[in-house]
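In the numbering used here, the protein residues as written are 8 to 575.
Note that beta-carbon positions come from the ideal geometry of N, C-alpha and C, so glycine has one too.
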């Protein structure tokens with residue numbers, strides 16, 4: 008039986024499975040009924056130099072020649088016996104499945120069987136439990152940062168199962184969902200969209216809307232839509248699924264909480280930060296109660312809350328919380344998977360929002376370098392890191408570096424996501440600030456107008472990204488000497504920002520500060536002075552009275568605003 012697993016080290020915990028051993032015939036039952044009998048059998052094999060045992064690691068290993076001879080002989084002389092023995096090996100491996108692929112503490116268990124799946128022929132097995140183990144292995148790999156490895160295991164299994172069991176087989180479709188997630192996380196968005204859409208259509212047609220795999224696939228499809236900038240569609244799918252998820256799994260199920268988490272993300276992308284915060288805080292409360300403070304899902308809720316707070320202008324609370332998330336992952340030595348990198352990226356943004364520009368630059372430079380080393384410069388999260396880093400270069404006054412990175416990142420977004428993606432427009436806005444500061448004001452205005460038209464058409468005029476873009480466009484107009492147009496635009500967006508965000512929101516303050524300058528340039532000194540004083544008073548009420556923006560306002564200098572990429 009060992010020869011039908013693999014020549015790699017085989018952990019005793021993998022094949023000593025008392026719960027299923029009784030289903031095996033003699034002498035397997037006797038040899039594998041417990042650790043003592045297993046060790047006696049291994050010692051016998053060791054006496055004849057057929058295996059090596061590493062007692063310290065509790066593993067046994069066959070020499071490749073011994074394995075090849077044993078397998079070939081049995082396959083040749085007794086193929087039926089070989090098939091049975093292979094089935095026993097698969098049964099034992101399947102019994103080792105903890106069925107918790109998202110949990111970090113399960114990874115060591117999955118490692119025991121992972122290297123044996125392909126050599127043992129497990130991908131060709133028709134046993135339900137074996138196929139479930141392989142699905143969970145693919146999910147565990149991409150959940151813990153092994154995106155390429157997840158695809159390397161999942162895609163051959165999906166191809167084999169499609170041929171062996173048909174494209175509409177339930178476990179084949181469950182594997183397709185996991186492969187699509189791995190594609191998305193590795194950055195293959197077109198492949199992820201096509202596979203997820205096809206899988207969802209098959210699941211709905213064959214297995215129904217309420218099947219758990221259909222619900223998981225719908226969830227995955229909404230994530231792909233969000234990444235493509237189709238936020239309203241994604242939110243609609245998630246909200247329509249919530250009742251089904253709750254009915255199928257219960258309100259406290261972790262899958263239901265993940266769905267609520269995604270609803271919060273969609274709301275955040277749509278600029279509905281207060282609503283997103285309510286969802287994230289409710290999720291955090293439930294996750295703290297059910298799984299504890301340091302599980303990945305709990306950290307993701309804290310991450311979401313930090314983003315909500317930051318975008319609501321609560322910079323200090325946001326920095327404290329995202330720093331806590333980063334510290335927890337650093338303390339336990341987490342690998343630099345996508346979530347850890349995203350959290351580190353958000354720490355750099357939080358530092359910049361607080362006005363700690365050199366610290367933010369150092370952090371974002373490290374994060375961008377790690378993204379590019381691990382995933383390449385054109386992975387979407389690498390591009391998100393670069394889009395933010397443009398602002399950090401600008402804030403430490405490296406304008407040539409900011410322009411180089413901005414032009415490179417804009418070209419990257421256009422090639423990967425297209426010219427009409429919200430993150431492409433966001434990069435236009437961040438690059439436009441740099442170009443204006445370097446004297447290329449006409450080019451800056453063209454980029455801001457392009458982004459303004461896109462954001463307003465997709466998300467409406469009151470979306471934060473629309474307001475940021477128009478705030479900077481007013482600065483472009485002012486720099487080109489068009490003070491009257493700059494003022495008209497500033498008056499319009501100030502009214503909209505006050506209505507949607509309030510007077511004390513950071514976005515509104517920036518608009519007020521710049522509009523006071525445009526009123527002055529338009530020879531309306533009294534209105535300019537009144538608005539200038541109102542702006543300073545709003546800053547004094549904040550918990551950041553010494554922020555660099557306050558110094559700019561005091562010195563009657565324009566405030567530049569930037570856009571954080573969406574699709575978190």
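Listed in chain order, the non-local C-beta contacts of residue 469 below 6 Å within the same chain comprise 503, 507, local neighbours out to five positions each way being set aside.
Residue 145 sits in a helix when the DSSP states are folded into three classes.
Here the C-alpha atom of residue 552 lies approximately 24 Å from the C-alpha atom of residue 280.
A straight line joining the alpha-carbon of residue 169 with that of residue 289 spans about 41 Å. In chain order, 478, 500, 501, 504 place their CB closer than 6 Å to the CB of residue 518, counting only its own chain and leaving out the 5 sequence neighbours on each side.
Looking only at 85, 525, 161, 229, the smallest Cα-Cα distance to residue 490 is reached by 525. Note on geometry: alpha-carbon atoms of residue 18 and residue 55 lie some 20 Å from one another. For residue 403, no alpha helix (DSSP H) run applies, since DSSP gives it neither H nor E.
With a threshold of 16 other beta carbon atoms within 10 Å, residue 545 meets it and is buried. At a cut-off of 4 residues, the continuous stretches assigned as alpha helix (DSSP H) that sit fully inside the stretch 474-529 are 490-508, 513-528. In the three-state DSSP reduction, residue 307 falls in the helix class (H, G or I).
Distance from the Cα of residue 272 is smallest, within the candidate group 292, 295, 234, 302, for 234. Every alpha helix (DSSP H) stretch that sits fully inside the stretch 358-434 and reaches 4 residues is listed by chain position as 364-382, 387-402, 406-423. Remark: C-beta atoms of residue 318 and residue 353 do not approach each other more closely than 8 Å.
Secondary-structure assignment with DSSP links residue 68 through a beta bridge to 59. Taking C-alpha positions only, residue 253 is separated from residue 204 by approximately 23 Å. DSSP places residue 17 within a strand segment (E or B) once states are collapsed to three. Where residue 35 is concerned, the enclosing alpha helix (DSSP H) starts and stops at 35-38.
Under the 10 Å beta carbon count, residue 42 is surrounded by fewer than 16 other beta carbons and is classified as exposed. Short of 7 Å from the beta carbon of residue 375, and not among the five residues preceding or following it, lie these beta carbons of its own chain, in chain order: 392, 393, 396. Between residue 400 and residue 390, the alpha-carbon positions lie close to 15 Å from each other. Annotation: residue 107 is outside any alpha helix (DSSP H) and is labelled neither H nor E by DSSP. In the DSSP annotation of this structure, the continuous segment of the alpha helix (DSSP H) that includes residue 268 starts and ends at 261-276.
Using a 10 angstroms sphere on the CB of residue 451, the tally of other CB atoms reaches 16 or more, which defines it as buried.
Excluding five sequence positions before and after residue 173, the CB atoms of its chain that fall closer than 8 Å to its own CB belong to 179, given in chain order. Shown here, residue 258 sits in coil according to DSSP, grouped into three states, outside any helix or strand. Between residue 268 and residue 308, the CB-CB gap stays under 8 Å. The three-state secondary structure of residue 298, taken from DSSP, is coil. Look at the beta carbons and you see the stretch 436-445 not touching the stretch 243-257: under three pairs across the two are nearer than 8 Å.
Ranked by Cα distance from residue 351, the first of 361, 365, 364, 336 is 336. Counting along the chain, residue 178 sits inside the alpha helix (DSSP H) bounded by residues 177-193. Exclusion of the five residues before and after residue 311 leaves 271, 287 as the residues of its chain whose Cβ lies within less than 6 Å of its Cβ. Per DSSP, the unbroken alpha helix (DSSP H) holding residue 49 starts and ends at 42-54. When the Cα atoms are used, residue 405 and residue 334 turn out to be separated by approximately 29 Å. One Cα belongs to residue 107, the other to residue 381, and the distance between them is close to 26 Å. Bounds of the alpha helix (DSSP H) holding residue 233 are 219-234.
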